[in-house]
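K.L.:
Each residue of the sequence shown is one higher than the one before, starting from 6 at the first, in the numbering used here. The C-beta atom is built at its ideal place from N, Cα and C for all residues, glycine as well. Computed from a prediction, not measured in an experiment: that's the story for all the values here. Questions regarding the structure given below will be posed in turn.
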Amino acid sequence: MRPLAALRRAPRRLPERSSAATSVSSPPASGSGRGSPLSSFLARLLLTFASLLPERGPAGIRSRTACRAAERWWARLAASLIGLRINISGLEHIEPGERYVVASLHEGFADSLALLRLPLSLTAVARDELATFPVLGAQLSRGRHLLVRPERPLQSARTLHREARAAIDEGDSVLLFPQGSILGIELAFQPGAFHLARRLDRPLLPVVVTGGHRVWEHPFAPTLRANQAMSLVVLPPVPPEEAVARQSAVERDMKRFALASKTPPRHFDPSRDGYWDDYRYEIHPDFPDLARRVASHRRDTVGADAGRS
């Protein structure tokens, strides 16, 4: 079996960082270069519509159903405004009325535009720091999405098990990103989603999303691109009693689909992206060169810290 690194395509370098606010660009007809700039009106408009999503359902009672419907409406509007094409396959693997633990690859905020096309009501699990983001934080609260801090795994696990069960009981599926970060395809899966599926006795649904990093590169760069394409592939669900044992196989299958996609996944390049030392992540062994590079950096960082103390 070929290692995943052998399937890797050459990474596309992100544009230079800018301190300016989010800009919107569209690729030229030739498909090369950064493209001519459009008005940032679209970006402001999308944020404005997001702020109008309802906080309460009928009779003033907060409703997951009302929030989920509004979120799906906003996602379709946003995709339409920026000319985003989303190629979707594998929906036949979703059983109507079933509630899943959804495990998805993750490249950035644009992933939600694809994931909200799934015929599921989704409660997302997100980092607690996102609650401080303008507009996004308010919507996470309105929609009763779940906030955790991966760097505190025991506390996060207790919170997740309790609140995820409540979401399942109300008819939602629970969406997690096993990589725990948007750095790139090389990040190894963490086991939380697989253990949660077993604990909640719900099937684990693998979802492969790629191309989102080409739509909006935040936090690596402020550029929002129009007229891009994303891919979403739903793989066959895994029975809850098999989820933990099959974590490695599921991860390899998902990443092989991503690396073969016509909309290539994001690749982690520490010289471009930084090492994100404050975040919990590991590099999958199938990418040994990058794994050694990150390990060397961490050893050097620990040594430097020890020398200063």
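Rounding to the nearest angstrom, what Cα-Cα distance links P224 and P245 in this structure?
P.N.:
The residue given as residue 224 occupies position 219 in the sequence shown. The residue given as residue 245 occupies position 240 in the sequence shown. Roughly 35 Å between the two C-alpha positions.
K.L.:
Of the choices V238, D274, R303, whose alpha-carbon is the least far from that of R285?
P.N.:
Indexing the sequence shown from 1 puts residue 285 at position 280. Across the set V238, D274, R303, the C-alpha of R303 shows the shortest separation from the C-alpha of R285.
K.L.:
Exposed or buried, what is K260 when buried is set at 16 or more other beta-carbons lying within 10 Å of its beta-carbon?
P.N.:
Stepping through the sequence shown from its first residue, residue 260 is reached at position 255. Buried.
K.L.:
Tell me whether I173 sits in a helix, a strand or coil according to DSSP, three-state version.
P.N.:
Mapped onto the sequence shown, residue 173 falls at position 168. Helix.
K.L.:
For S301, name the three-state secondary structure that DSSP assigns.
P.N.:
Within the sequence shown, the letter at position 296 stands for residue 301. Note: S301 maps to helix in three-state DSSP.
K.L.:
Give me whichever residues DSSP pairs with M235 in a beta bridge.
P.N.:
Taking the first residue of the sequence shown as position 1, residue 235 is located at position 230. According to DSSP, M235 bridges with I91.
K.L.:
Where does G197 land, buried or exposed, given buried means 16+ other C-beta within 10 angstroms?
P.N.:
Within the sequence shown, numbered from 1, the residue matching residue 197 stands at position 192. Result: buried.
K.L.:
How is R132 classed by DSSP in three states: helix, strand or coil?
P.N.:
Sequence index remark: in the sequence shown, residue 132 carries index 127 (1-based). Here R132 carries a strand assignment [DSSP, helix/strand/coil].
K.L.:
Where does V307 sit, in a helix, a strand or coil, going by DSSP?
P.N.:
The sequence position of residue 307 within the sequence shown is 302, counting from 1. V307: helix per DSSP, three-state reduction.
K.L.:
Determine which residues share a DSSP beta bridge with I288 and list them.
P.N.:
Position 283 of the sequence shown holds residue 288. L192.
K.L.:
Mapping DSSP to helix, strand and coil, what is W281?
P.N.:
As a working note, residue 281 is residue 276 in the sequence shown. Taken through DSSP and simplified to helix, strand or coil, W281 comes out as coil.
K.L.:
Tell me W79's beta-bridge partners as DSSP assigns them.
P.N.:
For the purposes of this step, residue 79 is taken as the residue at position 74 of the sequence shown. W79 pairs with nothing; no bridge assigned.
K.L.:
Looking only at DSSP bridge pairs, what is A108 linked to?
P.N.:
As a position in the sequence shown, residue 108 is number 103, starting the count at 1. Per DSSP, L181, P211.
K.L.:
Just curious, the alpha helix (DSSP H) that L120 is in, first and last residue?
P.N.:
If you number the sequence shown from 1, residue 120 lands on position 115. Run containing L120: 116 to 120, per the alpha helix (DSSP H) assignment.
K.L.:
As a quick exercise: from E112, S301, F273, pick the residue whose alpha carbon is nearest that of F182.
P.N.:
Here residue 182 refers to the residue found at position 177 when the sequence shown is read from its first residue. If we check each option's Cα against that of F182, E112 comes out closest.
K.L.:
Using 9 Å as the threshold, is the C-beta distance between P275 and H98 below it?
P.N.:
Reading the sequence shown from its first residue, position 270 is the one you call residue 275. Reading the sequence shown from its first residue, position 93 is the one you call residue 98. It is not a contact, given that the beta carbons lie outside the stated cut-off.
K.L.:
Please determine, among K267, H289, V243, P227, the residue with the shortest C-alpha to C-alpha distance to R257.
P.N.:
Position 252 of the sequence shown, counted from the first residue, corresponds to residue 257. Nearest C-alpha to R257: H289.
K.L.:
Going by DSSP, what residues sit across from L127 in a beta bridge?
P.N.:
The residue you call residue 127 lines up with position 122 of the sequence shown. Note: L127 sits in a beta bridge opposite S178.
K.L.:
Does the contact criterion of 3 or more C-beta pairs under 8 Å hold for the region 190 to 206 versus the region 81 to 89?
P.N.:
no
K.L.:
What are the start and end residues of the beta strand (DSSP E) that includes V153?
P.N.:
Along the sequence shown, read from residue 1 onward, the residue named residue 153 stands at position 148. Element bounds for V153: 151 to 153.
K.L.:
Let me confirm a value: A171 is counted as buried when at least 16 other C-beta atoms fall within 10 Å, else exposed. Which label applies?
P.N.:
Working through the sequence shown from its first residue, we reach residue 171 at position 166. Under this definition A171 is an exposed residue.
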